[in-house]
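Numbering (full-length UniProt numbering), first residue to last: 1 to 234.
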């Protein structure tokens, strides 16, 4: 998800969004190079062969671990469950893997929301960017329309919305609906990106990745326009 616009001065948010998009594009290009590398594919296959017996012996706990690690990736900006995707794809296939990833991200978002409501701002500032938190708290409130909150979830780093909406005491049911709608396409896209790496389908990888980056930028653009038209919440 994409970078965040400051609520008071939109001029700084746009370069940040483009900067994040540029970093994602570089990562996508690197992933495409790895996908086309026989040495990387050989190393990946050896890793998958080593992991397969463990997953086969403990399918339930393997799925639980994958969901929990996915949830952690939705809570913390520096943690990612992407490295486990090839193992999950081989063990469960695309559909189940996407559902598990989606469930993990839902769990992580719900935990972020609950932590913010229960513990408040002093604790949450230790877990995420205090500047991003402050920027969005001025524009997002419990009265923010559903569509704007959905754009917020789609457009910004995934660890931010749960914290902000929990602090704002946004309705739990509405937040879970937003979370479900926003994270499902990202989960499906992430799974197909992982599958394209395994299958060495570089053109599919680049196409999906570029579409995701552009969709994030467009969501950010719409969010920036909607927040710019709304007065700061009080």
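We treat Cβ as the ideally placed atom computed from N, Cα and C, and that holds for glycine.
A quick note: this is a predicted structure, and the numbers were derived from the prediction, not measured.
Endpoints, alpha helix (DSSP H) assigned at residue i
i, result
"residue 205", "202-228"
"residue 162", "159-167"
"residue 47", "38-57"
"residue 124", "121-124"
"residue 129", "Element bounds for residue 129: n/a, residue is neither H nor E."
"residue 173", "172-198"
"residue 155", "146-155"
Between the CA atoms of residue j and residue i - distance to the nearest angstrom
i, j, result
"residue 218", "residue 200", "28 Å"
"residue 223", "residue 143", "16 Å"
"residue 130", "residue 160", "10 Å"
"residue 126", "residue 67", "24 Å"
"residue 177", "residue 102", "13 Å"
"residue 52", "residue 58", "10 Å"
"residue 76", "residue 128", "7 Å"
"residue 187", "residue 99", "8 Å"
"residue 165", "residue 220", "17 Å"
"residue 216", "residue 38", "31 Å"
"residue 65", "residue 93", "16 Å"
"residue 214", "residue 145", "24 Å"
"residue 225", "residue 29", "30 Å"
"residue 172", "residue 25", "34 Å"
"residue 1", "residue 158", "Low confidence applies to residue 1: its pLDDT is 41, below 50, so where it sits in the model is not reliable, and the reading given next is rough at best. Going by the C-alpha atoms only, they are around 6 Å apart."
8 Å Cβ shell around residue i - same chain, five flanking residues per side excluded
i, result
"residue 89", "97, 191, 194, 195 and 198"
"residue 189", "208, 211 and 212"
"residue 169", "117 and 142"
"residue 163", "112, 113, 115, 116, 124, 127, 128 and 133"
Neighbourhood of residue i by C-beta distance below 6 Å, restricted to the same chain and skipping five residues each side
i, result
"residue 55", "62 and 91"
"residue 206", "32"
Beta-carbon proximity list for residue i, same chain, < 7 Å, skipping 5 on both sides
i, result
"residue 202", "32, 35 and 36"
"residue 18", "none"
"residue 84", "66 and 69"
Contact between the region 134-153 and the region 45-56 is defined here as three or more beta-carbon pairs at a separation below 8 Å; is this criterion met?
no
Can we say the region 149-162 touches the region 174-185, given the rule of at least three CB pairs closer than 8 Å?
yes
Does the structure place the region 103-113 close enough to the region 64-73 that three or more beta carbon pairs sit under 8 Å?
yes
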